[in-house]
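A.B. asks:
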Amino acid sequence: MVLPYNLCAHLQNAFRARHSKVVVDHSTQNLGILSILLRAGFVSSVVRGTVAAPDPAEFHAAGDAQRRIWADLKYRDERPVLSHMELVSKPSKRIFMDLTELRLICSGRRAQQVKPLGMGEVAVVRTKDRENEWLEAREALQMGLAGEVICRAR
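Residue numbering for the sequence shown follows our numbering, beginning at 62 and increasing consecutively.
1) Three or more C-beta pairs closer than 8 Å, one from the segment 158-167 and one from the segment 140-147: is that the case here?
2) Assign P177 to one of three DSSP states: helix, strand, or coil.
3) On the CB-based measure, 16 or more other CB atoms within 10 Å of its CB, does L64 come out buried or exposed?
4) At what residue ranges does the segment 100-166 contain a whole run of the alpha helix (DSSP H), taking only runs of 4 or more?
5) For the candidate residues H80, Y136 and Q90, whose alpha-carbon lies nearest to that of R187?
6) Closest by CA to G169, which one among R199, I130, K189 and V84?
7) Would you call the segment 107-127 in contact with the segment 173-180, where contact means no fewer than 3 C-beta pairs closer than 8 Å?
8) Can you tell me which residues form a DSSP beta bridge with T188?
9) Hey, how far is the Cα of A123 from the Cα of S153?
10) Expressed to the nearest angstrom, what Euclidean distance is found between the alpha-carbon atoms of L134 and G208?
11) Looking at L163 and L202, is the spacing between their C-beta atoms short of 7 Å?
12) M204: buried (16+ other C-beta within 10 angstroms of its C-beta) or exposed?
13) So what does L196 bridge to, in DSSP terms?
14) Terminal residues of the continuous alpha helix (DSSP H) containing L72?
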C-alpha cells in the first residue's frame, strides 16, 4: 500500500511548481483523499485516466500499472489555493481519534498532540466503515464515525 505522505508531497510540489494538473497512482486511498480535497475546494476536478491522458474510457481498458488519477489544481490571484498539506498519522505513530477527540479538533481545541483545525482547513479521516471509508473530519463527526486522522490541508 502506498503511504499518504507520497500524495501530500506530490501535491505540494506540484502547487509550488505552478503545474496545472497533477498525476498520481490510482488507489482507493489517493482517490478518497483527492475527492475530499475536491469537495473542500482545493482542487478543481478529479478524473480517472491512464499515463497518457485523463480519459475515463481508456481507464477501464488499461491494466493496473497504467491507471492514474488526474487532478486539476486550483489557483486564485496567481497563488495556490492549497498552501500546506501534512501528515498527522505517521507509520511510526498512528493517530486514532474517537468522536470526542474529533469534536475537540473540529471546535478549535487540541487533542492527542494534534493542533485544532483552523479556518478553511480540513482533516482527512479514514474510518472502519467500508461505505464511508474516507471522510473529512467534520463529516465523520456528523455521521458519528471515529477513525484514523491521516492528513490535514490548508
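We put the beta carbon where it would ideally sit given N, CA and C, even for glycine.
C.D. replies: Inspection of the coordinates gives the following:
1) no
2) coil
3) exposed
4) 117-122
5) Q90
6) R199
7) no
8) G208
9) 35 Å
10) 28 Å
11) yes
12) exposed
13) V186
14) P65 to R77
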